[in-house]
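Remarks on the structure that follows.
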Amino acid sequence: MAHLSEGTLRRKFDDEDALTASDTRHFSACADCQARYAAIAEDARAVAGVLTLPDIKVDIASALSHVRSAPAAQPRFGIRLPIIRPASRPAMGIVAAAAVIVALVVTGVAQDALVFFQPKTVEPVAVSVADLQSLSGLSEYGTFAWTKEPAPQVVTSAAEAGTVSGLHVPVVGPLPNGVSSTITYAAMPEAVGVFTFDAAKAAAAAAKAGKTLPTMPSGMDGSKLTVTVGPAVVEIFGNLNAGAAENATQLNLPQLIVGASSSPVVTSTGVTAQELENYLLSQPGVSPKLAAAIRSIKDPSTTLPIPIPIELATSKNVQVQGVNGLALGDNTGLGAAVIWIKSGTVYGVAGTVKQSEILDVANHLH
Amino acid sequence: MKSNEDSFETLFAAEYARVAGIANRVLADPHEAEDVAQEVFIDFNRLHSAAAPYAAAWLYRAAAHKALNRVRGRRRRERRELSQAADEGGRAMDPQHVFETSEDRRMVRQALARLAPKPATVLVLRASGLSYAEVAQALGVGIGQIGTLLRRAEAALRKEVTRGTSL
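Okay, here's the thing in structure tokens:
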């Protein structure tokens, strides 16, 4: 008979009756297992000794009262961790709005074929939360459909994240104090969505709001924007407190998140991208301030606008990994983030630590 | 049917002492352990239903992880330990004994915090009196793995403590 496993011997230390009858017979006849057991028992006793403490005395009523008086959760960048419910309709709406935001900065030459947009740097665009909410209304001006649905998934290792995404998974250097080295990996293959402008839908939406649709350039109806996002990988550091899968969308922002994604690519057909940009910006749902901010970006064909909710966050330009990046810190001091684009990949580091620590992590990624 | 408020109070009454005990096992500091335990309940209450079947397992694991994170992030507690150990030593306090008690605890906690999260959590939960089944549920592993995890964690902790001693 094979020798008893370490786990079986360890369990015997806690429960003499844990061994089966045949294990017991083997153990009583096997000097090797007995010697291993003696070593295991010695370690167990030693560890129990050093971890022994007097019982803690607690006042449950007072503790409960303290917990009850805790303030409601504050928004951290106004988001919760976006894991991961592919069929979520609100999420699709947000992605559609984000696709349109990317589309808004498409510009360039008149064309019959395709105009490519592939950002190489990032710029902040200050928006209010109301502006962001109004963007989802842009879906009233057309239809958005995935031709290749986003399929984000939690994976078990960096290697698997690399396999799913086809990307190099960034490796972090030293972590800030207090940040757990436990990493949860998520990865997403490339996803492709198409926004089709629909003049009838847009007219109906405008009429419903009691507004007149701005004059439409010829060729606008039915014009398409194809948006490719990802592939992407995300590394989440810290205890996610994942109690159950069905609650995976209800997790707090963890201590640190590192993400990398291929730059989004937008192609358009039907009208010039400049026309489409101008037309979408003139819609009733886009505030003049947001429209002006997006127009002010110097090189929109190569710039990814990052909407910064002005009520929650501030931003500044920084150097990261030798390129221009954007550092964000919210006004509550609860967290910070940095975003940059290098070699066709958008990188982001965010977490509930100081901005200087976020920058340090960003600069040590390799 | 109980409201969520009632369920939370029932859960709190049933589990608070144990959750605080788990945190104290890591921190060796009852005040800080209660801070951690209360944070854990606040987090839980914001995110989950108190009637969730995984509530206790979630609380145990969160308490261990949060407490371990505190040890990793902090040094300032060391000063407080000396006075606490003095209290426990009572009137017949031997200054050398006080120093050794406090120093031992510091080394053990730091050794625990150097372990990977899973073995550190296994040790803390088991030392806090959880059964194999409860530890397995908290970690989301099969009960058959607990013996092996414990064995490896204990060997690793002894090694870490020894390493700390020789430094």
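Residue numbers (the numbering used here), protein chains in the order written: chain A, 1 to 366; chain B, 1001 to 1167.
Where a beta carbon is used, it is the ideal one built from N, C-alpha and C, also for glycine.
Euclidean distance between Cα positions of residue i and residue j
i, j, result
"B:Ala-1013", "B:Arg-1072", "29 angstroms"
"A:Thr-282", "A:Val-349", "According to the sequence provided, residue 282 of chain A is Ser. The question's Thr does not apply to it. So the two alpha carbons sit approximately 34 angstroms from each other."
"A:Arg-85", "A:Pro-152", "With a pLDDT of 32 at A:Arg-85, under the threshold of 50, the modelled position of that residue is not reliable, and the figure given next carries that caveat. Cα-Cα distance, rounded: 8 angstroms."
"A:Ala-41", "A:Gln-355", "48 angstroms"
"B:Asn-1004", "B:His-1031", "28 angstroms"
"B:Val-1108", "B:Val-1161", "6 angstroms"
"A:Thr-352", "A:Ile-257", "9 angstroms"
"A:Gln-69", "B:Ala-1056", "The question names Gln, but residue 69 of chain A in the sequence shown is Ser. Roughly 22 angstroms separates the two Cα atoms."
"A:Ala-203", "A:Thr-212", "8 angstroms"
"A:Val-265", "B:Ala-1113", "44 angstroms"
"A:Ser-22", "A:Val-47", "29 angstroms"
"A:Val-346", "A:Ala-327", "14 angstroms"
"A:Gly-162", "A:His-366", "14 angstroms"
"B:Arg-1158", "B:Leu-1115", "11 angstroms"
"A:Gly-166", "A:Glu-160", "9 angstroms"
"A:Val-172", "A:Leu-359", "12 angstroms"
"A:Glu-357", "A:Ser-180", "14 angstroms"
"A:Ser-315", "A:His-364", "21 angstroms"
"B:Pro-1117", "B:His-1065", "7 angstroms"
"A:Leu-175", "A:Val-338", "15 angstroms"
"A:Pro-214", "A:Thr-228", "28 angstroms"
"A:Thr-52", "A:Phe-13", "17 angstroms"
"A:Ala-158", "A:Lys-208", "50 angstroms"
"A:Gly-210", "A:Ala-291", "21 angstroms"
"A:Ala-206", "A:Gly-142", "12 angstroms"
"A:Cys-30", "A:Ala-38", "12 angstroms"
"A:Pro-54", "A:Gly-329", "43 angstroms"
"A:Ala-244", "A:Asn-177", "Any reading at A:Ala-244 needs caution, since the residue's pLDDT is 38, under 50, leaving its predicted position unreliable; the model's value is listed next. Spanning the two alpha carbons is a distance of roughly 28 angstroms."
"A:Ala-336", "B:Leu-1047", "22 angstroms"
Cβ neighbours of residue i in the same chain (closer than 6 angstroms, five flanking residues each side left out)
i, result
"B:Arg-1025", "Val-1124, Ala-1127 and Ser-1128"
"B:Ala-1067", "Ala-1023, Val-1026, Leu-1027 and Val-1036"
"A:Val-323", "Trp-340 and Lys-342"
"A:Cys-33", "His-3, Leu-4 and Phe-27"
"A:Lys-148", "Ala-191 and Val-192"
"A:Thr-20", "none"
Residue j beta carbon less than 8 angstroms from that of residue i
i, j, result
"B:Thr-1010", "A:Ser-5", "no"
"A:Thr-226", "A:Thr-182", "no"
"B:Ala-1136", "B:Ile-1143", "yes"
"B:Tyr-1016", "A:Val-58", "yes"
"A:Ala-362", "A:Gln-321", "yes"
"A:Gly-230", "A:Ser-262", "yes"
"A:Ala-63", "B:Gln-1038", "yes"
"A:Val-154", "A:Val-164", "no"
"A:Met-216", "A:Ala-199", "yes"
"A:Val-169", "B:Phe-1041", "no"
"A:Gly-344", "B:Arg-1151", "no"
"A:Asp-15", "B:Ala-1155", "no"
"A:Ile-236", "A:Thr-269", "no"
Supposed contact pair residue j and residue i - C-beta distance, whole angstroms, cut 8 angstroms
i, j, result
"A:Ser-223", "A:Phe-197", "5 angstroms"
"A:Pro-150", "A:Ala-186", "12 angstroms between Cβ atoms; not a contact."
"A:Ala-18", "A:Arg-25", "Going by Cβ atoms, the distance from A:Ala-18 to A:Arg-25 rounds to 15 angstroms, so no, they are not a contact pair."
"B:Leu-1059", "B:Val-1019", "5 angstroms"
"B:Arg-1070", "B:Leu-1139", "Wrong, their Cβ atoms sit about 20 angstroms apart, outside the cutoff."
"A:Val-194", "A:Ala-232", "Not a contact, Cβ separation roughly 19 angstroms."
"A:Arg-36", "A:Leu-9", "6 angstroms"
"A:Tyr-279", "A:Met-220", "6 angstroms"
"B:Ser-1007", "B:Ala-1050", "4 angstroms"
"B:Ala-1033", "A:Ile-56", "6 angstroms"
Nonlocal neighbours in the same chain, by C-beta distance under 7 angstroms from residue i, ignoring five residues either side
i, result
"A:Asn-317", "Asn-324 and Leu-326"
"B:Ala-1111", "Leu-1157, Glu-1160, Val-1161 and Gly-1164"
"B:Pro-1119", "Leu-1149, Arg-1152, Ala-1153 and Ala-1156"
Sequence-distant residues of the same chain with beta carbon closer than 8 angstroms to residue i, five excluded per side
i, result
"A:Gly-370", "In the structure displayed, chain A extends from 1 to 366; residue 370 of chain A sits before or after that span and is not available."
"B:Asn-1045", "Phe-1008"
"A:Ser-65", "none"
>> Beta carbons nearer than 9 angstroms to chain A: which residues of the region 1099-1123 of chain B have them?
In response: Taken in chain order, the members of the region 1099-1123 of chain B whose beta-carbon sits within less than 9 angstroms of a beta-carbon on chain A are Asp-1104, Arg-1105, Met-1107, Val-1108, Ala-1111, Leu-1112, Ala-1116, Pro-1117, Lys-1118 and Leu-1123.
> Which residues, taken in chain order from the region 1123-1154 of chain B, show a beta carbon closer than 9 angstroms to some beta carbon of chain A?
Replying inline: The region 1123-1154 of chain B vs chain A, Cβ under 9 angstroms: Leu-1123, Val-1124, Arg-1126, Ala-1127, Ser-1128, Tyr-1132, Gly-1140, Gly-1144, Gln-1145, Ile-1146, Gly-1147, Thr-1148, Leu-1149, Leu-1150, Arg-1151, Arg-1152, Ala-1153 and Glu-1154.
> the region 44-65 of chain A: which residues have C-beta closer than 8 angstroms to a C-beta of chain B, in chain order?
Replying inline: If the cut-off is 8 angstroms between Cβ atoms, the region 44-65 of chain A has Ala-44, Ala-46, Val-47, Ala-48, Val-50, Leu-51, Thr-52, Leu-53, Pro-54, Asp-55, Ile-56, Lys-57, Val-58, Ile-60, Ala-63 and Leu-64 near chain B.
>> Closer than 8 angstroms between beta carbons: that is the criterion. Which residues of the region 166-178 of chain A meet it against chain B?
In response: Those residues of the region 166-178 of chain A that come within reach of chain B (Cβ to Cβ, closer than 8 angstroms) are Asn-177 and Gly-178.
> Can you list, in chain order, the residues of the region 11-31 of chain A whose Cβ is nearer than 7 angstroms to any Cβ on chain B?
Replying inline: Cβ contacts with chain B come from Arg-11.
> Using a beta-carbon distance cut-off of less than 8 angstroms, what residues from the region 1006-1025 of chain B approach chain A?
Replying inline: Residues Glu-1009, Phe-1012, Ala-1013, Tyr-1016, Ala-1017, Ala-1020, Gly-1021, Asn-1024 and Arg-1025.
> When you check each C-beta in the region 1046-1060 of chain B against every C-beta of chain A, which residues fall closer than 7 angstroms?
Replying inline: Across the region 1046-1060 of chain B, CB contacts with chain A closer than 7 angstroms involve Arg-1046, Leu-1047, His-1048, Ala-1052, Tyr-1054 and Trp-1058, in sequence order along the chain.
> Closer than 8 angstroms, Cβ to any Cβ of chain B: which residues of the region 150-163 of chain A, in chain order?
Replying inline: For the region 150-163 of chain A, the set of residues with a beta-carbon nearer than 8 angstroms to any beta-carbon of chain B is empty.
> Just by C-beta distance, which residues in the region 319-352 of chain A are closer than 8 angstroms to chain B?
Replying inline: Answer in chain order: no residues at all.
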